[in-house]
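J.:
2 protein chains.
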Amino acid sequence: MLDIVTKLDIATKSARRFIDAGAHQRLWNLLKSLHSADIAALLNRLFLKERKVVINVLYENDKEKTAEVLSELEPEDAVELLKDMQPQDIALILQEFSSDDAVQIVEFLPEDIKTQVLDLMRKKESEDVRELLHYEEKTAGRIMSTEYYALEKNTRVADAITALQLAGDIESAFYLYVVDKDNHLEGVVSLRQLLLHPPNTQLKDIMTTDVIRVFTDTDQEEVARQVARYNLVAIPVVDHENKLVGVVTVDDIIDVINEEATEDMYRMAGVDESDRIQYSPIKSIKKRLPFLYLSLITASLAPFVVNFFKDTIKEAVILAVFMPLVAALGGIAGNQTIALMVREITLGQVSWLTARKALFKEVAVGIGNGIAIGSVLGLISYFLYGKPILGLILGLAVIINLFIAGLLGTLIPLILKFLRLDPALGSVNLLTMCTDTFGMLSLLGLGTLFLHYLQ
Amino acid sequence: MLDIVTKLDIATKSARRFIDAGAHQRLWNLLKSLHSADIAALLNRLFLKERKVVINVLYENDKEKTAEVLSELEPEDAVELLKDMQPQDIALILQEFSSDDAVQIVEFLPEDIKTQVLDLMRKKESEDVRELLHYEEKTAGRIMSTEYYALEKNTRVADAITALQLAGDIESAFYLYVVDKDNHLEGVVSLRQLLLHPPNTQLKDIMTTDVIRVFTDTDQEEVARQVARYNLVAIPVVDHENKLVGVVTVDDIIDVINEEATEDMYRMAGVDESDRIQYSPIKSIKKRLPFLYLSLITASLAPFVVNFFKDTIKEAVILAVFMPLVAALGGIAGNQTIALMVREITLGQVSWLTARKALFKEVAVGIGNGIAIGSVLGLISYFLYGKPILGLILGLAVIINLFIAGLLGTLIPLILKFLRLDPALGSVNLLTMCTDTFGMLSLLGLGTLFLHYLQ
Numbered sequence: 300m301l302d303i304v305t306k307l308d309i310a311t312k313s314a315r316r317f318i319d320a321g322a323h324q325r326l327w328n329l330l331k332s333l334h335s336a337d338i339a340a341l342l343n344r345l346f347l348k349e350r351k352v353v354i355n356v357l358y359e360n361d362k363e364k365t366a367e368v369l370s371e372l373e374p375e376d377a378v379e380l381l382k383d384m385q386p387q388d389i390a391l392i393l394q395e396f397s398s399d400d401a402v403q404i405v406e407f408l409p410e411d412i413k414t415q416v417l418d419l420m421r422k423k424e425s426e427d428v429r430e431l432l433h434y435e436e437k438t439a440g441r442i443m444s445t446e447y448y449a450l451e452k453n454t455r456v457a458d459a460i461t462a463l464q465l466a467g468d469i470e471s472a473f474y475l476y477v478v479d480k481d482n483h484l485e486g487v488v489s490l491r492q493l494l495l496h497p498p499n500t501q502l503k504d505i506m507t508t509d510v511i512r513v514f515t516d517t518d519q520e521e522v523a524r525q526v527a528r529y530n531l532v533a534i535p536v537v538d539h540e541n542k543l544v545g546v547v548t549v550d551d552i553i554d555v556i557n558e559e560a561t562e563d564m565y566r567m568a569g570v571d572e573s574d575r576i577q578y579s580p581i582k583s584i585k586k587r588l589p590f591l592y593l594s595l596i597t598a599s600l601a602p603f604v605v606n607f608f609k610d611t612i613k614e615a616v617i618l619a620v621f622m623p624l625v626a627a628l629g630g631i632a633g634n635q636t637i638a639l640m641v642r643e644i645t646l647g648q649v650s651w652l653t654a655r656k657a658l659f660k661e662v663a664v665g666i667g668n669g670i671a672i673g674s675v676l677g678l679i680s681y682f683l684y685g686k687p688i689l690g691l692i693l694g695l696a697v698i699i700n701l702f703i704a705g706l707l708g709t710l711i712p713l714i715l716k717f718l719r720l721d722p723a724l725g726s727v728n729l730l731t732m733c734t735d736t737f738g739m740l741s742l743l744g745l746g747t748l749f750l751h752y753l754q
Numbered sequence: 300m301l302d303i304v305t306k307l308d309i310a311t312k313s314a315r316r317f318i319d320a321g322a323h324q325r326l327w328n329l330l331k332s333l334h335s336a337d338i339a340a341l342l343n344r345l346f347l348k349e350r351k352v353v354i355n356v357l358y359e360n361d362k363e364k365t366a367e368v369l370s371e372l373e374p375e376d377a378v379e380l381l382k383d384m385q386p387q388d389i390a391l392i393l394q395e396f397s398s399d400d401a402v403q404i405v406e407f408l409p410e411d412i413k414t415q416v417l418d419l420m421r422k423k424e425s426e427d428v429r430e431l432l433h434y435e436e437k438t439a440g441r442i443m444s445t446e447y448y449a450l451e452k453n454t455r456v457a458d459a460i461t462a463l464q465l466a467g468d469i470e471s472a473f474y475l476y477v478v479d480k481d482n483h484l485e486g487v488v489s490l491r492q493l494l495l496h497p498p499n500t501q502l503k504d505i506m507t508t509d510v511i512r513v514f515t516d517t518d519q520e521e522v523a524r525q526v527a528r529y530n531l532v533a534i535p536v537v538d539h540e541n542k543l544v545g546v547v548t549v550d551d552i553i554d555v556i557n558e559e560a561t562e563d564m565y566r567m568a569g570v571d572e573s574d575r576i577q578y579s580p581i582k583s584i585k586k587r588l589p590f591l592y593l594s595l596i597t598a599s600l601a602p603f604v605v606n607f608f609k610d611t612i613k614e615a616v617i618l619a620v621f622m623p624l625v626a627a628l629g630g631i632a633g634n635q636t637i638a639l640m641v642r643e644i645t646l647g648q649v650s651w652l653t654a655r656k657a658l659f660k661e662v663a664v665g666i667g668n669g670i671a672i673g674s675v676l677g678l679i680s681y682f683l684y685g686k687p688i689l690g691l692i693l694g695l696a697v698i699i700n701l702f703i704a705g706l707l708g709t710l711i712p713l714i715l716k717f718l719r720l721d722p723a724l725g726s727v728n729l730l731t732m733c734t735d736t737f738g739m740l741s742l743l744g745l746g747t748l749f750l751h752y753l754q
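Residue numbers (my numbering), protein chains in the order written: chain B, 300 to 754; chain A, 300 to 754.
1) Could you pull out every residue in the same chain whose Cβ sits closer than 7 Å to the Cβ of leucine 301/A, ignoring the five residues on either side in sequence?
2) Go through its chain and collect everything with a Cβ distance to isoleucine 617/B's Cβ below 6 Å, but skip five positions before and after it.
3) Tell me, which residues are paired with valine 536/A by DSSP?
4) Would you list, in chain order, the members of the segment 666-678 of chain B that have their beta-carbon closer than 8 Å to a beta-carbon of chain A?
5) Report, in whole angstroms, the separation of the C-beta atoms of glutamate 558/B and tyrosine 565/B, which I expect to be a contact under 8 Å.
6) Can you list, in chain order, the residues of the segment 641-660 of chain A whose Cβ is nearer than 8 Å to any Cβ on chain B?
7) Compare the C-beta of valine 368/A with all C-beta atoms of chain B and state if any pair is closer than 9 Å.
8) Taking the DSSP output, what are the residues bridged to threonine 636/A?
9) Going by DSSP in three states, threonine 391/B sits in which element: helix, strand or coil?
10) Considering only C-alpha positions, which residue in the set Ala322/A, Glu424/A, Gly690/A and Asn634/A is nearest to threonine 709/A?
11) For a cutoff of 9 Å on Cβ pairs, would you count tyrosine 447/B as touching chain A?
12) By the criterion of Cβ-Cβ separation under 8 Å, what are the contact partners of valine 664/A in chain B?
13) Give me the chain A residues within the contact set of tyrosine 681/B, using Cβ-Cβ distance strictly less than 9 Å, ordered along the chain.
14) So which residues of chain A does aspartate 308/B contact, with C-beta pairs closer than 9 Å?
15) Quick one: what's got a C-beta closer than 7 Å to lysine 364/A's C-beta in the same chain, skipping five residues either side?
16) Can you give me, in chain order, the residues of the segment 604-633 of chain A that have a beta carbon less than 7 Å from any beta carbon in chain B?
17) Please tell me whether leucine 693/B and glycine 665/B are closer than 9 Å, where the distance is taken between their beta carbons.
18) Determine the DSSP secondary structure at phenylalanine 749/A, reduced to helix, strand or coil.
19) In this structure, does DSSP put methionine 300/A in helix, strand or coil?
20) Quick check on isoleucine 758/A - is its C-beta less than 9 Å from some C-beta in chain B?
21) Can you find the residues in the same chain that come closer than 8 Å, C-beta to C-beta, to aspartate 481/B, ignoring five residues on each side of it along the sequence?
22) Below 9 Å between beta carbons is the criterion; list the residues of the segment 727-749 of chain A that meet it against any residue of chain B, in chain order.
23) In chain order, what residues of the same chain lie with their CB nearer than 7 Å to the CB of tyrosine 476/B, ignoring the 5 residues before and after it?
24) Can you tell me where the alpha helix (DSSP H) with serine 583/B in it begins and where it stops?
25) Beta-carbon of methionine 300/B versus every beta-carbon of chain A: anything under 9 Å?
26) Applying a beta-carbon distance threshold of less than 8 Å, which residues of chain A neighbour tyrosine 565/B?
27) Counting only beta-carbon separations shorter than 9 Å, does isoleucine 534/A have a partner in chain B?
28) So leucine 646/A is in the alpha helix (DSSP H); what residue range does that whole segment cover?
29) Check whether the Cβ of valine 488/A lies closer than 9 Å to any Cβ atom in chain B.
30) Per DSSP, glycine 694/B is paired with what?
31) For leucine 531/B, would you say it is in contact with chain A, using Cβ-to-Cβ distances shorter than 9 Å as the test?
32) With distances taken Cα to Cα, identify the nearest neighbour of arginine 421/A among Asn328/A, Asn343/A, Lys437/A and Ala390/A.
33) With isoleucine 553/B and isoleucine 556/A assumed to form a contact (beta carbons below 8 Å), what rounded beta-carbon distance in angstroms separates them?
34) Work out the CA separation of methionine 506/B and glycine 630/B for me, nearest whole Å.
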């Protein structure tokens, strides 16, 4: 069996060849042989123009598979492909989606098309989607599926099995939820338990009552944390009256986890979550420029400090030589602290109780690393330039800057969290602003103080 | 129901109070009321000394729960707590683990203790662990569980159900694997399908033969990609003769995904994966110093360039003022590209076919953003200092540096991948070295060229 990546490389190469040659029949033969999830992965490697050809060929030949493929794509990418189609075609495709996948597409459609599409969909599916649209983005209500197995608690095992046989194929049905007659969630029975008990047993006698559940307004990150912590494959979603309204399955949780990890990483680097390597330059420039303009502002603080010390630099140009080094070391050490803080906050492992200890600890690490790195740098520069005072200035500047890095590397994510902002968002930028500025301030400040000995 | 984080904050506060007061009975009462996974999360918020108290109290009162809690911790953290115990106690705890969890602990134990512990464990469990130890780290073989349901293909549905009833509780049993008499994997039957077919049907008549499987030596990231792509809750692991040897369940996949996301983020920031906010300063300093010393070396390239242009700076100190700004902008833009490349390589969305287009695209973005940012900076500096040539130099330096950022931000992760190294590892460091250096080179080089007009 080929590695999944290699297999896709080959398929992508062939697809490109068929697209370029306009060989739509051969393209369809290739697509027919691939799993929907693989076609989705293949689309991710193609450019927009090529994607449109693939989707059109697919849609002409197999509408259901087209729906499967589109539901595996990132919603933004699926919308990109759908929005050129007629509303009736979009409706036809979306009603094949599970409700949680469909809502992610519908919310991205332009307002007028959205209404048309919802009106054109089958009534049941359209109602489900409209219901999910009421819940806020990134909550359990928005990502849950409204298709699940739930039976009344007095149901006998034999009838439960018959009900399962009569019901259609439901996405990842691993649990049977048990409710009272008003649909309040009371328990859960695994399919395995159904097999293990005599046909006449009532569900209420074999159900587990200690069901881990989330509310419709629970944040999706919190849902993911619960599924991960308790090793679940699905988690029921209830409203504030404990009525069962949906289920979030583990495959959606994996998407949430990947999405949040990407988000943290991108936000730390100042990249929009929806930016892609495959986008056109213009689109990516538009997405990245705002952050760069912001950086232009934050990065302008350090030049002000340097400007203040112009006369010192004129007298001792050697200080300018070491400016980039002192700034870089502070930024790098601060980034280490920020990465740790952001990740542990995301994984829910930092509380206000531990934050204070973390602060003292990271400051101690900053000073410790500062002494270790600063003394080496001090010694080297002393040997290179023969001026002990230069070594002292550089060593002290590094210690001060790494102290600042530890202090602010901890405080910035914590303050952002306290302000209910994302700790990843802009924290690296703010930190670099501070370490650049304090780096210049300590290096050039000390340089001015000891200028007499430097000349 | 309380938010999981708030609930833990309260439990942590109480646990701390009981530990400080030596109130072990009250501590045990608290622990008794918590799910094992919650105790594990609580331990993550405590410092090592406190953790040891909790584990001791737990072990005195409930050995099985101790095993459950320890299996939920990161292996390194569990080993930290276990290594002070007697080998017979460690063996007692580890034989309650599932084999894939136990092996992760055993591999971290000192060699002499490892042998003793394996000899002291129950024969069956000890053999399973020894078998898994043969497989390489971070492969399917290492993370798979050897406990799974597999039956011969001629088995009738009724007998399969009886077999399930007789078997003990197996971790997340959602599928029944179907094998021939030599244990070659031939198909899979979901528990739901068992319920839907008459008792006399043979498994071979209802099984799905197109089973997605991985090999024992498949990389764990690749296993995670397959589970995520095909929305599975478990994936069978076979040897190179297609004999079924184990199963990787989705809860382990979630751990892998979180682990790899942490790894990417930490490696980009130069943090060791095993570093923790809760560690002692000495421990964290030891973990972070190597990367900082390496950074001291890479960050020393820029000072060499500045040193070369000392005379220019003496003549036009204004250039030194803008050094931090030009360097910072290059670093920030390059980081944007690196974050995108690393993430898309991890998610398996960049192939050699798309890499070339990505390179041209990111270079175009670099130049485009460079023009947008450079011209603003040029204009501002012109208005501030009244020297058009200064504006021109700054604008050009930013354009050149952002071009370099786009070029190397794409190339560095690709080259690292080509060398079979982790694209995240050290890429930011290498990039900053380059943007700092080229930033100084272009700013001071242009400054020297137009020095006459600057004075």
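From the three backbone atoms N, C-alpha and C, an ideal C-beta is built for every residue, glycine too.
T.: This is what the structure gives:
1) Reliability fails at leucine 301/A, whose pLDDT of 49 lies under 50, so the model's placement of it is uncertain and no value is given.
2) none
3) Val513/A and Gly545/A
4) Gly667, Asn668, Ala671, Ile672, Val675 and Leu676
5) That pair is no contact at about 10 Å.
6) For the segment 641-660 of chain A, residues whose beta-carbon sits nearer than 8 Å to a beta-carbon of chain B comprise Val641, Arg642, Glu643, Leu646, Gly647, Gln648, Val649, Ser650, Trp651, Leu652, Thr653, Lys656, Ala657 and Lys660.
7) no
8) Bridge partners of threonine 636/A: none, in fact.
9) The displayed chain sequence assigns leucine, not threonine, to residue 391/B. Residue state, collapsed to three classes: helix.
10) Asn634/A
11) no
12) Pro580, Ser583, Ile584 and Arg587
13) Within chain A, no residue has its beta carbon less than 9 Å from that of tyrosine 681/B; the closest one is some 15 Å off.
14) Ser650, Trp651 and Leu652
15) Ser335 and Leu357
16) Val605, Asn606, Lys609, Ile612, Lys613, Val616, Ala619, Val620, Phe621, Met622, Pro623, Leu624, Ala626, Ala627, Leu628, Ile631 and Ala632
17) In this structure, leucine 693/B keeps its C-beta atom at 9 Å or more from the C-beta atom of glycine 665/B.
18) If DSSP states are grouped into helix, strand and coil, phenylalanine 749/A belongs with coil.
19) Because methionine 300/A carries a pLDDT of 42, less than 50, the predicted location of this residue cannot be relied on, and no value is offered for it.
20) Only positions 300 to 754 of chain A appear in this structure, which leaves residue 758/A out of reach.
21) Lys542
22) Val727, Asn728, Thr731, Met732, Asp735, Thr736, Gly738 and Met739
23) Tyr447, Tyr448, Ala449, Leu484, Val487, Pro535 and Leu543
24) 580-597
25) Below a pLDDT of 50, predicted positions are generally treated as unreliable, and methionine 300/B, at 43, falls in that range; the measurement from the model is reported next regardless. It does: the Cβ of methionine 300/B has a partner Cβ on chain A nearer than 9 Å.
26) Ala638, Leu639 and Arg642
27) no
28) Where leucine 646/A is concerned, there is no enclosing alpha helix (DSSP H), given that its DSSP letter is neither H nor E.
29) No, valine 488/A lies away from the interface with chain B (no Cβ there is under 9 Å from its Cβ).
30) Per DSSP, none; premise fails for glycine 694/B.
31) yes
32) Ala390/A
33) 7 Å
34) Taking the straight line from one Cα to the other gives about 55 Å.
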